[in-house]
Amino acid sequence: GQSLEQPSEVTAVEGAIVQINCTYQTSGFYGLSWYQQHDGGAPTFLSYNALDGLEETGRFSSFLSRSDSYGYLLLQELQMKDSASYFCAVRDSGAGSYQLTFGKGTKLSVIP
Amino acid sequence: SQTIHQWPATLVQPVGSPLSLECTVEGTSNPNLYWYRQAAGRGLQLLFYSVGIGQISSEVPQNLSASRPQDRQFILSSKKLLLSDSGFYLCAWSVRDYEQFFGPGTRLTVL
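Residue numbers (the numbering used here), protein chains in the order written: chain S, 1380 to 1491; chain G, 3 to 113.
#1: Taking the alpha carbon of Glu-101 (chain G) as the reference point, which residue from S:Lys-1486, S:Cys-1467, S:Glu-1435, S:Ser-1488 has its own alpha carbon closest?
#2: Step through the CB atoms of chain S and report whether any lies within less than 8 Å of the CB of Gln-64 (chain G).
#3: How many Å lie between Ala-1429 (chain S) and Leu-1411 (chain S) at the Cα?
#4: I'd like to know if the segment 84-98 of chain G and the segment 23-37 of chain G are in contact, where contact means that at least 3 CB-CB pairs between them fall below 8 Å.
#5: Excluding the 5 residues flanking Arg-109 (chain G) on each side, which residues of the same chain have their C-beta closer than 6 Å to its C-beta?
#6: Spatial neighbours of Tyr-1403 (chain S) within its chain, please: CB distance less than 6 Å, with the 5 preceding and 5 following residues excluded, ordered by chain position.
#7: From this set, S:Gln-1415, S:Tyr-1409, S:Phe-1439, S:Val-1397, which residue's C-alpha is nearest Phe-104 (chain G)'s C-alpha?
#8: For a contact defined as C-beta to C-beta under 7 Å, what are the partners of Arg-44 (chain G) on chain S?
#9: Any chance you could list the alpha helix (DSSP H) runs of at least 4 consecutive residues sitting entirely within the segment 1412-1474 of chain S, in chain order?
#10: Quick one: list the residues of chain G neighbouring Tyr-1449 (chain S), beta-carbon separation under 7 Å, in chain order.
#11: Which residues does DSSP pair with Gln-57 (chain G) in a beta bridge?
#12: Using three-state DSSP, classify Leu-85 (chain G) as helix, strand or coil.
#13: Any chance you could list the beta strand (DSSP E) runs of at least 3 consecutive residues sitting entirely within the segment 5-60 of chain G, in chain order?
#14: Could you name the residues of the segment 1385-1415 of chain S whose beta carbon sits closer than 7 Å to any beta carbon of chain G, in the order they occur along the chain?
#15: For Pro-33 (chain G), is the classification buried or exposed, using 16 other Cβ atoms within 10 angstroms of its Cβ as the cut-off for buried?
#16: Between which two residues does the beta strand (DSSP E) carrying Lys-1486 (chain S) extend?
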């Protein structure tokens, strides 16, 4: 089966940088996705890494190391609106190529 | 542009009653469709996914079922709800399976 580990909660100051880590165990790994979910809302897609390295999209960046089964989401110039839960998700061929397995999420609190 | 609709937004049902949640997608053809459940403060648990009309795969044994009667319609059902069925139910669609687009969700409370 698949398993993902990410911290349950992180607190950071407005304007700062925060890194949310994700480690995974899976077979037939295809890639790692990140989603953001505000309280009471639906998850929204942030990024996807299939290859090692850093992908940058505005203030958000995502990194993957396939050899370490590890990735992270980096949020820069934090804003209050970034307070949300962030989920990593693995795309796993062992479970069928049409599925994602989600981590339990990291609740990010941005404080003034 | 593509949109996804789910209804109802909230639902309170007694134990043992039936359930029908509907999800429709607009602006895309032959999407992959998914039903997830999210318990309070938890991650997303995949319940069902579908790659085409009438094709349903179940991930978790439970008293729920799903159907896809049309290309862009996905229905989640139960004949008799349990207390443990309470949660936030999310429908999603994708063309590239790593990028899924979620509907607004249905918050179900079983009493």
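Glycine included, C-beta positions come from ideal geometry on N, C-alpha and C.
Reading it off the structure:
#1: The option with the nearest alpha carbon to Glu-101 (chain G) is S:Cys-1467.
#2: False, the Cβ-Cβ gap to chain S never drops below 8 Å.
#3: It is roughly 6 Å from the alpha-carbon of Ala-1429 (chain S) to the alpha-carbon of Leu-1411 (chain S).
#4: Pairwise C-beta distances place the segment 84-98 of chain G in contact with the segment 23-37 of chain G, as three or more of them are shorter than 8 Å.
#5: Within the same chain, Thr-12, Phe-90 come within 6 Å of Arg-109 (chain G) by CB-CB distance, once the 5 residues on both sides are set aside.
#6: In the same chain as Tyr-1403 (chain S), and ignoring 5 residues on each side of it, the C-beta atoms closer than 6 Å to its own belong to Leu-1383, Ser-1448, Val-1469, in chain order.
#7: Per the Cα distances, S:Gln-1415.
#8: Under the 7 Å cutoff, chain S gives Lys-1483.
#9: Within the segment 1412-1474 of chain S, no complete alpha helix (DSSP H) run reaches 4 residues.
#10: Correct list: empty, because the minimum Cβ distance to chain G is about 18 Å.
#11: Note: Gln-57 (chain G) sits in a beta bridge opposite G:Gly-54.
#12: Reduced to three states, the DSSP call for Leu-85 (chain G) is helix.
#13: DSSP runs (the beta strand (DSSP E)) wholly in the segment 5-60 of chain G: 5-9, 12-15, 21-28, 34-40, 46-54, 57-60.
#14: Against chain G - using a Cβ distance shorter than 7 Å - the residues of the segment 1385-1415 of chain S are Gly-1410, Ser-1412.
#15: Pro-33 (chain G) is classed as buried because its beta carbon has at least 16 other beta carbons within 10 Å across all chains shown.
#16: Where Lys-1486 (chain S) is concerned, the enclosing beta strand (DSSP E) stretches over 1485-1490.
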